[in-house]
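Notes follow the structure.
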């Protein structure tokens, strides 16, 4: 086959470089799968390399199947002699043949997460470990982390003998591995861990597979962890015909164990390595690629490369700063409808990308009201998430104590020693008396012969529910939700968990409180019944077909590998994207920037980046500055939507990298932030031009509530939107808007810790920061 006609210059170079170590740095949309498949076809068809000598490793079964079928088109059934599979599938094949050398039978079982949990509970019971002190999930996750890093239970025990908590986990790790072996079983993390152990303890076995796999190819190399890295290193050390493909700029799974240094240090591991950069992009318009390049070049930990395209410039990146998170949702909705009509697009051409799943709620509500069909990838719809359903069940039952379905869901959530057998007895008695279950619970001592502990737990539950019922008409829905979360211990249980998924659930519950607060501020009928009705109308419309014409919503993590004509990256604010933890942590900031790069490069034709001046978090209005990632994009690539709008000054810390980089390119700080020239814009008519405070305006100490007169006092010329100020009581904040109020000036200020406040300039004790 004539590869020169089928591939571009760089792709061709990568495809025909077969011997020796090769690093293919494949930028987003650069055709890496095409290169890999033609490279394999070239090896088989042109170089007469036996297919059985080739090992091609991917990360997902879907990717492996796609690669296998594309190779089949080129070389036919010869692909069946190759190993084209995931890391774990390859290891299972090896272990099925060789695991007896580690003392296991070859018919070993592979435990799934449920099996793991059952076995872990047995270990915890034997070791008298209370799951209230250390949960089974925490221990399982910690053990998985050790296996990914090739740390044995003995080594983990030795390293943590002086740490009470980790020492307990080490004891469990030891017993857990013993029980696995007694059961002739491996868990999922064992598959790679045990294969590496096999190779290190049995050099003859390793030598056999080194001879078998003389040519090794690894896709998505930037996502490999230590155990995967070591597995590949051991197999490749004999012949060094190793080809790894990846993009360090798309390493976004550090929280899952991925180690970016594996790809960054490839040339240190293999000094004779050849490096080929695939920088020609076949996906996106030029302006989108330039924006991606502008952002990612601010990372220090990366290989130098620059995406390019033969495509036209396309539209500029649309930047929109809304007044609130609701307005942000409405703006996205209106743009989807507008573009769909004007450009004859389908709903499936649009995607909304956010940092966390909790952000989907606003867009779900707005899309429902706007009749825009949608589906969520990589997550449940907001009101279908377990934690949301749990709290909604409390609300439904408090509103209607006849609701046995909701009662059964909440009676032992969180756990309160009311077991399934007790619930079943209550249900059976209620049915025999033709009563609701709650009537039985109210008189449980008289009607049922239950253990004392169960009766005591039921009485406490009934007392709790009665208190909620008494207060439901006296307090707001958002306050009621907070009371449920606090009084039941539901929120505290999640906060105390070491499971990263539970931290996400806390954020979702905060979003539920925000939804209730939003309902209260916008609805005439603020009752619990009205809120439940509103939510039911939203959550009942469900189950869109994945192939249907719908807008796709997902986290940026879930979007990796996908592409869409029109992309909306929402919630682009410091504190959200990048997250608050990233602002003061160099490595996390770099990963957040890589995540932003991934989001930008999902767009083929149009990219929108939106943020909000205010949004509700846990029922409280907060304000975040526009993301510094937006500031890192060159001014000539951006187009601000609506009327002139000033972004807030950014937080201090590592997120100032983008501003500094703009300054280094000769762009002023004000230009970078859009404060002058073509600044950020918004369509809200309620935003008025800045009000000038007359320099002659003065106030006495009495007028200022005894505010001390000093050079630090807020001067009239500094009274304008975007200025940082300090209040003696509320702390540091940012002026959002300025308006005349009689002879004084009304200031709307977003305080970092106290939310939005309206203050009068003449009397507020304010100082410039």
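Numbering (full-length UniProt numbering), first residue to last: 1 to 769. The C-beta atom is built at its ideal place from N, Cα and C for all residues, glycine as well.
- For residue 568 and residue 350, the gap between their C-alpha atoms comes out near 8 angstroms.
- Per DSSP, the continuous beta strand (DSSP E) segment holding residue 615 begins and ends at 603-617.
- Within the region 280-363, the runs of alpha helix (DSSP H) that reach at least 4 residues and sit entirely inside it are, in chain order, 286-296 and 325-343.
- Nearest to residue 326 by alpha-carbon distance, out of 713, 153, 570 and 585, is 570.
- Taken atom to atom, the span from the alpha-carbon of residue 407 to that of residue 630 is near 48 angstroms.
- Annotated as proximal: residue 566 and residue 605, with beta-carbon spacing under 8 angstroms.
- Excluding five sequence positions before and after residue 487, the CB atoms of its chain that fall closer than 7 angstroms to its own CB belong to 464, given in chain order.
- For residue 68, the CB contacts under 7 angstroms within the same chain, skipping 5 residues up- and downstream, are 79 and 84 in chain order.
- Nearest neighbour of residue 402 by Cα position, chosen from 437, 483 and 501, turns out to be 437.
- Burial state of residue 53 is buried, judged by a 10 Å Cβ sphere holding 16 or more other Cβ atoms.
- A check of alpha carbon separations from residue 109 across 461, 411 and 184 identifies 184 as the nearest.
- With fewer than 16 other Cβ atoms inside 10 Å of its own Cβ, residue 282 counts as exposed.
- Taken through DSSP and simplified to helix, strand or coil, residue 243 comes out as strand.
- The region 155-206 is shown to contain whole alpha helix (DSSP H) runs of 4 or more residues at 164-182 and 190-201, in chain order.
- Between residue 289 and residue 11, the C-beta spacing is not below 8 angstroms.
- Looking only at 280, 320, 333 and 385, the smallest Cα-Cα distance to residue 311 is reached by 280.
- Per DSSP, residue 433 is one residue of the alpha helix (DSSP H) stretching across 420-433.
- Following the DSSP letters along the chain, one finds residue 744 inside the beta strand (DSSP E) bounded by residues 744-751.
- By alpha-carbon distance to residue 117, the top candidate from 141, 607, 393 and 101 is 141.
- Considered as a whole, the region 473-514 harbours 477-487 and 490-496 as its complete alpha helix (DSSP H) runs of no fewer than 4 residues, in chain order.
- Relative to the Cα of residue 21, the nearest Cα in the group 581, 372 and 242 belongs to 242.
- In terms of Cα proximity to residue 248, the closest of 192, 632, 223 and 387 is 223.
- The three-state reading of DSSP puts residue 470 in helix, counting H, G and I together.
- Note on residue 51: 16 or more other CB atoms within 10 angstroms of its CB, so buried under the neighbour-count rule.
- Secondary structure of residue 19 (DSSP, three-state): coil.
- Beta-bridge partners of residue 626 (DSSP): 573.
- Here the region 585-597 makes no contact with the region 267-274; the two share fewer than three CB pairs at distances below 8 angstroms.
- No residue range can be given for residue 253, since it is assigned to no beta strand (DSSP E) and is classified by DSSP as neither H nor E.
- Residues 520 of the same chain have their beta carbon placed closer than 6 angstroms to that of residue 476, with the five preceding and five following residues left out of the count.
- Beta-carbon to beta-carbon, residue 740 and residue 767 are separated by about 22 angstroms, too far to satisfy the 8 angstroms threshold.
- A contact between stretches requires three or more CB pairs, one per stretch, nearer than 8 angstroms, and the region 249-268 meets this requirement with the region 299-313.
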